[in-house]
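A.B. asks:
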Amino acid sequence: MNLNAINRIVILGGGMTGWTVAAALAKGLQGIQKSILLIDSAPQAVSDLQCEATTPACVAFHQFLGISETDLLSKTGSSFLLATQFNDWSDNQQNYFLPFNDHGFMLNRIEFPQYAISRYLSGAPLNFDDFSLASAAAKAGRFLHPSKQESSLFSTFNYGLNLNVTAYTDYLRDFAVCSGVEHICADVSSFSLDAVGNIESITLADYTQFEQAASAITNGVVSGDLFIDCSGVQAALIEKALNIEWHSAEKSLPVTHVLSHVGPVAHTQAVPSHRILKTVASGWMQQISTQTQTEQQYFYHRNFVNAAQACAELGVDPANVTIQQLSVGRRQLFWAKNCVAIGDSAGNIGVQGAGKLHLIQSAVLRLISLFPQQLSSVFNAAEYNRLTHLEYDHIEDFHVLHNQLASTQSSVYWQQVARTKLSDRLLHKLELFKLRGLIAFYEGETFSPGVWTSLLLGNGFWPQNYDPLIRNMDSGWIEQQLGKMKNMIHSAAESMPLQADYLNQKKYSFFQSTRIAAIAN
Numbered sequence: 057m058n059l060n061a062i063n064r065i066v067i068l069g070g071g072m073t074g075w076t077v078a079a080a081l082a083k084g085l086q087g088i089q090k091s092i093l094l095i096d097s098a099p100q101a102v103s104d105l106q107c108e109a110t111t112p113a114c115v116a117f118h119q120f121l122g123i124s125e126t127d128l129l130s131k132t133g134s135s136f137l138l139a140t141q142f143n144d145w146s147d148n149q150q151n152y153f154l155p156f157n158d159h160g161f162m163l164n165r166i167e168f169p170q171y172a173i174s175r176y177l178s179g180a181p182l183n184f185d186d187f188s189l190a191s192a193a194a195k196a197g198r199f200l201h202p203s204k205q206e207s208s209l210f211s212t213f214n215y216g217l218n219l220n221v222t223a224y225t226d227y228l229r230d231f232a233v234c235s236g237v238e239h240i241c242a243d244v245s246s247f248s249l250d251a252v253g254n255i256e257s258i259t260l261a262d263y264t265q266f267e268q269a270a271s272a273i274t275n276g277v278v279s280g281d282l283f284i285d286c287s288g289v290q291a292a293l294i295e296k297a298l299n300i301e302w303h304s305a306e307k308s309l310p311v312t313h314v315l316s317h318v319g320p321v322a323h324t325q326a327v328p329s330h331r332i333l334k335t336v337a338s339g340w341m342q343q344i345s346t347q348t349q350t351e352q353q354y355f356y357h358r359n360f361v362n363a364a365q366a367c368a369e370l371g372v373d374p375a376n377v378t379i380q381q382l383s384v385g386r387r388q389l390f391w392a393k394n395c396v397a398i399g400d401s402a403g404n405i406g407v408q409g410a411g412k413l414h415l416i417q418s419a420v421l422r423l424i425s426l427f428p429q430q431l432s433s434v435f436n437a438a439e440y441n442r443l444t445h446l447e448y449d450h451i452e453d454f455h456v457l458h459n460q461l462a463s464t465q466s467s468v469y470w471q472q473v474a475r476t477k478l479s480d481r482l483l484h485k486l487e488l489f490k491l492r493g494l495i496a497f498y499e500g501e502t503f504s505p506g507v508w509t510s511l512l513l514g515n516g517f518w519p520q521n522y523d524p525l526i527r528n529m530d531s532g533w534i535e536q537q538l539g540k541m542k543n544m545i546h547s548a549a550e551s552m553p554l555q556a557d558y559l560n561q562k563k564y565s566f567f568q569s570t571r572i573a574a575i576a577n
């Protein structure tokens, strides 16, 4: 017997984070005899927002789990997401849709954005949104699954999901439990470390009711080999047990609170296939709509507005909102000793481009790919930390760029945002783009160069030059090709069904599944 082998995994914390991790580990470690116990502790319960907008990586994650998308959407009331609408985000652009894929198509081996830049610099700008099928479809509230035929225009876009978080968490919990994950609801009173500083066990506050509940519990003590801290901002293990430092990002991402207001679905006939980002005087707002509800999330800094003022600005009754304090930043180490922090215990760097769930799913998949055979695998932990920091670096830059594109507004909050010191990585990206419309692409990037380019051009950040080969091309041919491209995209978008109709036709509809369930009962 290998006494250093990892046989028992203990997850501290439930919510969307804990159950996402439990479901992924149960699937990814299937067949190698690892026991998994999740402790859902009330004091450390993660307070999730009601709606979450995801990237296409979420769709791939569900495919990894083997989850039926039809079943998921019909049971959770979630919906499809094609793009983000920037509503009055910058002074240069009033209304712009950013999809998950590049705008336009290559012409004569030159990327489409170079043609858009040449048109802009010649004084005849085109409407950038007209050259993305996902954007055109999102603007009209339409959706269709991408085609698997590479030659089809309908293969040129990706999609994410707008999730109802509570229902989604319940869905993953059922999946994890059916996959063999043990779980209990219990408070934690203390923890113990071994001689080299690894977490040895967790002691439950009231253990008598759990003696027969899980194999890892003896006299109220939960033993384990590897501990996953999903306890949220409490960081019960990574911080309180192991004292791993937190590095704040409040200077680059100035947000301290989020105010949330959830309303009933206001789109019984039209389910939006986009989310909305909008700047306000003292912060920014995100609106996410699913089949069943719409949530407005107001992210702000306490130095510039209080909760009452935020409610007034949002136009909602203070009695009908929830307010959460946010700690923006990350851990010095995400994997320390025999503990891995995932979710808010690991970091929070905003939701403008990649939200909380994206980082959770990415983290647990990375953990599975680097899962060690024994506790003393320091190089596995080192590589996990290196890759996770890279991911955080680039997503944080992407979010900071959102703020910089919005920071031309005259309010005191946005004036301070405009003075944010940018990382050397982001400065290099912006300077290279300004000179020639090119994007530097680094290891560990989440978003493609085309998405970075679309974000910049769509929000009015135009380069000084473009590909010189375009100057020698026939302008009439270019105009003809751009016109064909625009017409093809417009016709394809018009042929796509409204999302509400598509949900019903393909049995994705939450309302249809609840009616069927009601009839069956």
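To convert, count from 1 in the sequence shown and add 56; that's our numbering. Built from N, CA and C at the ideal position, the CB exists for glycine as well. This one's a predicted model, so the numbers in the text were calculated from it and none came from an experiment.
#1: Restricting to Cα atoms, I'd like to know which of N441, Q365, M541 and K540 is closest to G500.
#2: I'd like the list of long-range same chain contacts for G160, defined as Cβ closer than 6 Å, with 5 residues on each side in sequence excluded.
#3: Flag this pair as yes or no: are the beta carbons of W145 and T350 separated by less than 8 Å?
#4: Report yes if the C-beta distance between H303 and R386 is below 8 Å; otherwise report no.
#5: Under a three-way DSSP split, which group does T259 fall into?
#6: Check whether the region 284–300 and the region 338–346 are in contact - that is, three or more C-beta pairs closer than 8 Å.
#7: Straight-line CA distance for G406 to M529?
#8: For H414, count neighbouring Cβ atoms within 10 angstroms of its own Cβ and tell me buried if that reaches 16, exposed if not.
#9: Assuming contact is defined by CB atoms lying nearer than 8 Å, are I451 and A496 in contact in what I supplied?
#10: Does the beta-carbon distance from Q408 to H445 come in below 8 Å?
#11: Between Q347, K83 and A292, which has its C-alpha nearest Y558's C-alpha?
#12: To test your reading of the DSSP string, which unbroken alpha helix (DSSP H) runs of 4 or more residues are found completely within the region 431–488?
#13: Is it the case that the region 81–95 contacts the region 58–72, given that we only count it when at least three CB pairs across the two stretches are under 8 Å?
#14: With DSSP collapsed to three states, give me the class of D373.
#15: Going straight from the alpha carbon of S178 to that of A337, what length do you get?
#16: Measure the C-alpha to C-alpha separation of S207 and W533 and round it to an integer number of angstroms.
#17: Is D230 buried or exposed, if buried means 16 or more other CB atoms sit within 10 Å of its CB?
#18: What's the gap between the Cα of I526 and the Cα of V361?
#19: In whole angstroms, what separates the C-alpha of P524 from that of G514?
#20: What does a CB cutoff of less than 6 Å around T476 pick up in its chain, not counting 5 residues either side in sequence?
#21: Considering only the alpha carbon of each residue, which of L486, F213, L105 and E306 lies closest to Q380?
#22: Tell me, please, which residues DSSP counts as bridged to C107.
#23: Tell me the DSSP bridge mates of R198?
#24: Candidates Y176, A261 and Q290: which alpha carbon is nearest V278's?
#25: Hey, how far is the Cα of G87 from the Cα of L431?
#26: Does DSSP classify C395 as helix, strand or coil?
#27: Please list the terminal residues of the continuous alpha helix (DSSP H) segment that includes T131.
#28: L461 and F517 look like a contact to me (Cβ under 8 Å); what is the Cβ gap, rounded to whole Å?
#29: Going by CA-CA distance only, name the one from M72, Q141 and S191 that's closest to M552.
#30: Would you call the CB atoms of Q141 and H357 closer than 8 Å?
#31: Report the residue from P310, S174 and L249 whose alpha carbon sits nearest the alpha carbon of E535.
#32: Can you tell which of P181, V311 and C241 has its C-alpha closest to the C-alpha of V473?
#33: Note the first and the last residue of the continuous alpha helix (DSSP H) segment covering S211.
#34: Mapping DSSP to helix, strand and coil, what is Q342?
#35: Give the DSSP-derived three-state secondary structure of W75 in the structure shown.
#36: Would you grab the beta carbon distance between D194 and W75 for me? Rounded to a whole angstrom, and I think it's under 8 Å.
C.D. replies: Inspection of the coordinates gives the following:
#1: For the purposes of this step, residue 500 is taken as the residue at position 444 of the sequence shown. With distances taken between Cα atoms, G500 lies closest to N441.
#2: Position 104 of the sequence shown, counting from 1, holds the residue named residue 160. Closer than 6 Å at the Cβ level, and outside the excluded window around G160, lie F168 and F187.
#3: Indexing the sequence shown from 1 puts residue 145 at position 89. Indexing the sequence shown from 1 puts residue 350 at position 294. No. Outside cutoff.
#4: The sequence position of residue 303 within the sequence shown is 247, counting from 1. The sequence position of residue 386 within the sequence shown is 330, counting from 1. Contact flag set, yes.
#5: Here the question's residue 259 lines up with position 203 in the sequence shown. Looking at T259 - three-state DSSP - the assignment turns out to be strand.
#6: Inter-segment contact for the region 284–300 and the region 338–346 is absent: fewer than three beta-carbon pairs are separated by less than 8 Å.
#7: Along the sequence shown, read from residue 1 onward, the residue named residue 406 stands at position 350. Along the sequence shown, read from residue 1 onward, the residue named residue 529 stands at position 473. So the alpha carbons of these two residues sit roughly 43 Å apart.
#8: Here residue 414 corresponds to residue number 358 of the sequence shown, with the count starting at 1. Counting C-beta atoms within 10 angstroms of its own C-beta, H414 has 16 or more neighbours from the protein chains shown and is therefore classed as buried.
#9: Locating residue 451 in the sequence shown gives position 395, where the first residue counts as 1. Locating residue 496 in the sequence shown gives position 440, where the first residue counts as 1. Contact annotation: I451 and A496 have beta-carbon atoms that are not nearer than 8 Å.
#10: Within the sequence shown, residue 408 is the residue found at index 352, counting from 1. Within the sequence shown, residue 445 is the residue found at index 389, counting from 1. Taking 8 Å as the Cβ cut-off, Q408 and H445 do not qualify as a contacting pair.
#11: As a working note, residue 558 is residue 502 in the sequence shown. Out of Q347, K83 and A292, the CA that lies nearest to the CA of Y558 is found in Q347.
#12: Counting only runs of 4 or more, we get 434–462 and 468–474.
#13: Touching, per the Cβ criterion.
#14: Stepping through the sequence shown from its first residue, residue 373 is reached at position 317. Note: D373 maps to coil in three-state DSSP.
#15: Taking the first residue of the sequence shown as position 1, residue 178 is located at position 122. Taking the first residue of the sequence shown as position 1, residue 337 is located at position 281. One C-alpha to the other measures close to 34 Å.
#16: By one-based count along the sequence shown, residue 207 stands at place 151. By one-based count along the sequence shown, residue 533 stands at place 477. Their backbone Cα atoms lie some 22 Å apart in a straight line.
#17: Counting from 1 along the sequence shown, the entry for residue 230 is found at position 174. Around the beta carbon of D230, fewer than 16 other beta carbons lie within 10 angstroms, which makes this residue exposed.
#18: Start at 1 with the first residue of the sequence shown, and residue 526 comes out as number 470. Start at 1 with the first residue of the sequence shown, and residue 361 comes out as number 305. Their backbone Cα atoms lie some 49 Å apart in a straight line.
#19: Counted from its first residue, the sequence shown places residue 524 at position 468. Counted from its first residue, the sequence shown places residue 514 at position 458. Going from the Cα of P524 to the Cα of G514 covers about 22 Å.
#20: Walking along the sequence shown from the start, residue 476 turns up at place 420. Counting only Cβ-Cβ distances below 6 Å, and skipping sequence neighbours, we find S308.
#21: Residue 380 sits at position 324 when you count from the first residue of the sequence shown. The option with the nearest alpha carbon to Q380 is L105.
#22: Numbered from its first residue, the sequence shown carries residue 107 at position 51. The partner list for C107 (beta bridge, DSSP) reads N220.
#23: Taking the sequence shown and counting its residues from 1, one reaches residue 198 at position 142. In DSSP, R198 forms a bridge with L554.
#24: Counted from its first residue, the sequence shown places residue 278 at position 222. The closest CA to that of V278, considering only Y176, A261 and Q290, is found on A261.
#25: Here residue 87 is taken as the residue at index 31 of the sequence shown, counted from 1. Here residue 431 is taken as the residue at index 375 of the sequence shown, counted from 1. Between the alpha carbons of G87 and L431 lies a distance of about 20 Å.
#26: Here residue 395 refers to the residue found at position 339 of the sequence shown. It is a strand residue.
#27: Position 75 of the sequence shown, counted from the start, is the residue given in the question as residue 131. It should be pointed out that residue 131 corresponds to Lys in this sequence rather than to Thr. Segment E125 to T132, the alpha helix (DSSP H) holding K131.
#28: By one-based count along the sequence shown, residue 461 stands at place 405. By one-based count along the sequence shown, residue 517 stands at place 461. Approximately 6 Å separates the beta-carbon atoms of L461 and F517; this is inside 8 Å, confirming the contact.
#29: Taking the sequence shown and counting its residues from 1, one reaches residue 552 at position 496. Closest in alpha carbon position to M552, among M72, Q141 and S191, is S191.
#30: Residue numbering aside, residue 141 sits at position 85 when the sequence shown is read from its first letter. Residue numbering aside, residue 357 sits at position 301 when the sequence shown is read from its first letter. Using a Cβ distance threshold of 8 Å, Q141 and H357 do not count as a contacting pair.
#31: In the sequence shown, residue 535 corresponds to position 479, counting from 1. Of P310, S174 and L249, the residue nearest in Cα terms is S174.
#32: Against the sequence shown, residue 473 aligns to sequence position 417. Cα-wise, what sits closest to V473 is V311.
#33: Locating residue 211 in the sequence shown gives position 155, where the first residue counts as 1. No residue range can be given for S211, since it is assigned to no alpha helix (DSSP H) and is classified by DSSP as neither H nor E.
#34: The sequence position of residue 342 within the sequence shown is 286, counting from 1. In this structure, Q342 counts as strand in the three-state DSSP scheme.
#35: Residue numbering aside, residue 75 sits at position 19 when the sequence shown is read from its first letter. The answer is helix: DSSP assigns W75 an H, G or I state.
#36: In the sequence shown, residue 194 corresponds to position 138, counting from 1. In the sequence shown, residue 75 corresponds to position 19, counting from 1. In the sequence as presented, Asp is not what sits at residue 194; that position holds Ala. Cβ-Cβ separation between A194 and W75: approximately 29 Å, too far for a contact (criterion under 8 Å).
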